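Asks: One structure, pasted below without further comment.
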């Protein structure tokens, strides 16, 4: 190969080598990066004291009414169980038994009222929670220049940085 | 919210179901003045609370009126020698209207103090009854008192006891007592007596 041919071959090889290099081969992944200057995050807003009181009151009232409903439900069930009879003769229909029968009915109505009021109040609490949803604020924290730290330790040092904001 | 409401509704329905006593036909004897649970009626033939379509009218029973007429001392049904705890008799009868009176006649055994004790059992569903022990001349020796308001068979028990004397005749009178008679609609009752 003559000297002229050798030169052409080297130029061609260099061209092929350049063409094979990835497009971002020039990115310096290990180089210094600019320090972030701000941090953003979302912070939930608080409900007002009045809103909290309303929601809490509705929920507590709902639970209380439900508990009252449950009490009368159990009382009604006990009274009904006391009187229920399938086939055998269990006794005489006295005034006491009539009173128990009436109690089963009236406690049953009270139970339904209690459950209904409880459901309405709890439903109201859920609606109030939904309607008074306060949303979120975006908070942006701007950083200052980092202050490098250097702490000598045995056999070397610990290098760090401090970013107050 | 939908879930909470659904849960509450389900509980309310459960409450409805639990509040209703399940009372079968014929499981209770009728109470005073034919009292029964709301959906049942008093069957006067058995004095039990039954479905309305099963209700039958009052009757004195097969032996209830066999001793009629016995509405006066002179017509009293003779029960023989009864008393002093030694000789026991069971008598059946019926007071089939508010003015009806039943008389029985007995004699105490010889050789004892002559004490007569009588217990009357009658359904509480109808007109209450009372019992008296009289001497042969018609003077009242003792008047019955309610000793069991309502027993397990739906009956009221009226008890009376009197010292008649040995080998002495006496009369027993059964008639209506103070108390409810359904405004006149149940002014009757059947009974059985235990005498000893």
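Residue numbers (my numbering), protein chains in the order written: chain A, 0 to 164; chain B, 2 to 197. We put the CB at the ideal spot given by N, CA and C, even for glycine. Since the structure is predicted, the reported quantities are computational estimates derived from the model, not experimental observations.
1) Which residues, taken in chain order from the region 19-51 of chain B, show a beta carbon closer than 8 angstroms to some beta carbon of chain A?
2) Taking only runs of the beta strand (DSSP E) that begin and end inside the region 33-98 of chain A, which ones reach a length of at least 3 residues, in chain order?
3) Does the distance from the CB of residue 179/B to the CB of residue 99/B come in under 8 angstroms?
4) Taking the straight line between their C-alpha atoms, what separation do you get for residue 134/A and residue 147/A?
5) Residue range of the beta strand (DSSP E) that residue 132/B falls in?
6) So which residues on chain B does residue 82/A lean against when the C-beta distance must stay under 8 angstroms?
7) Using the C-alpha atoms, what's the distance from residue 29/A back to residue 13/A?
8) Please list the partners that residue 88/A has in chain B, where partner means a Cβ-to-Cβ separation under 9 angstroms.
9) Out of curiosity, what's the CA-to-CA distance linking residue 105/A and residue 75/A?
10) For residue 125/B, which residues in chain A fall below 9 angstroms Cβ to Cβ?
11) Please determine if the region 45-58 of chain A and the region 114-133 of chain A are in contact, where contact requires at least 3 C-beta pairs separated by less than 8 angstroms.
12) So what does DSSP say about residue 114/A, is it helix, strand or coil?
13) Does the ligand COA have even one heavy atom less than 7 angstroms from the beta-carbon of residue 28/B?
14) Taking the Cβ atom as the reference point for each residue, do residue 86/A and residue 28/B lie within a distance shorter than 8 angstroms?
15) Under a three-way DSSP split, which group does residue 41/B fall into?
16) Going by DSSP, which residues form a beta bridge with residue 106/B?
17) Would you tell me roughly how many angstroms separate the C-alpha atoms of residue 116/A and residue 65/A, rounded to the nearest one?
18) Using 8 angstroms as the threshold, is the C-beta distance between residue 53/B and residue 82/B below it?
19) Is residue 87/B helix, strand or coil when you go by DSSP?
Replies: Taking the coordinates as given:
1) 19, 20, 21, 22, 23, 24, 25, 27, 28, 29, 30, 31, 32, 33, 36, 37, 38, 39, 49, 50
2) 37-43
3) no
4) 39 angstroms
5) 130-135
6) 22, 24, 38
7) Note that residue 13/A scores 43 on pLDDT, short of 50, meaning its location in the model is unreliable and no value can be drawn from it.
8) 27, 28, 29, 30, 49, 153, 154, 155
9) 8 angstroms
10) 91, 93
11) yes
12) helix
13) Looking for the ligand COA in the displayed structure turns up nothing, as the structure carries no ligands at all.
14) yes
15) coil
16) 79/B, 172/B
17) 8 angstroms
18) no
19) coil
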